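Asker: Here's a structure for you.
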Amino acid sequence: EISLREQNLAEEYLTKSDGFVNSNTFLKYNKTFHKLFPEVPEEDRVTHTFTCSLQKEVLYHGKLFVSECHVCFYSSVLLKETKVVIPFSDVKEIKKYKSPLSMLSIQTSSRDKYSFASVRNYKLCYKL
């Protein structure tokens, strides 16, 4: 398991989407991504990651991963794991909300809606 400090360091490396892997930290982070989301093919690499919270009945603090073909969220709070995997092909609409919580909302073709609050650098995340 990767430490929170390593995740924060990796977040700095994952702000580029040129597809090149130049860092051992990035390689470890990508490996952790595939451990968390085994349903995502190994060749689908992480390009960006953001600290945020998934809004459900409560806020679940975790990481939003953007790979070449998926948007994934992972949280582990009070021994409860929360995972979301959204293939880009299922994304119908993405909205950003200028509010104190820096919110992003993703709606899928099956009408599922996921709201992410306190997205660090949410403008970059929205552009992806």
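Per full-length UniProt numbering: the sequence shown = residues 1 to 128. Note that the Cβ used here is the ideal one computed from N, Cα and C, for glycine as well. These numbers were taken from a predicted model, which means no experiment stands behind them.
#1: Could you tell me if Leu79 is buried or exposed, where buried requires 16 or more neighbouring beta carbons within 10 angstroms of its beta carbon?
#2: From which residue to which residue does the beta strand (DSSP E) around Pro38 run?
#3: Given 7 angstroms as the limit, tell me if Ser89 has its C-beta closer than that to any heavy atom belonging to the ligand ZN.
#4: Determine the contact status of Leu53 and Ser118, defining contact as a CB-CB distance below 8 angstroms.
#5: For Lys28, which of helix, strand or coil comes out of DSSP?
#6: Does DSSP put Ser89 in a helix, in a strand, or in coil?
#7: Mind checking whether Phe116 and Leu104 have CB atoms under 8 angstroms apart?
#8: Does Ser110 pass the burial test, meaning 16 or more other C-beta atoms within 10 Å, or should it be called exposed?
#9: Please report how far the alpha carbon of Asn30 lies from the alpha carbon of Lys63, in whole angstroms.
#10: On the DSSP letters alone, give me the boundaries of the beta strand (DSSP E) that Val58 sits inside.
#11: If you draw a straight line from the alpha carbon of Tyr114 to that of His34, how long is it in whole angstroms?
Answerer: In terms of the structure at hand:
#1: exposed
#2: That residue, Pro38, is in no beta strand (DSSP E); it is neither H nor E in DSSP.
#3: This structure lacks the ligand ZN; in fact it carries no ligand of any kind.
#4: First, the amino acid is wrong: residue 53 is Ser here, not Leu. By the CB criterion at 8 angstroms, Ser53 and Ser118 fall inside the cutoff.
#5: helix
#6: helix
#7: yes
#8: With fewer than 16 other Cβ atoms within 10 Å, it is exposed.
#9: 13 angstroms
#10: No beta strand (DSSP E) holds Val58; DSSP gives it neither H nor E.
#11: 21 angstroms
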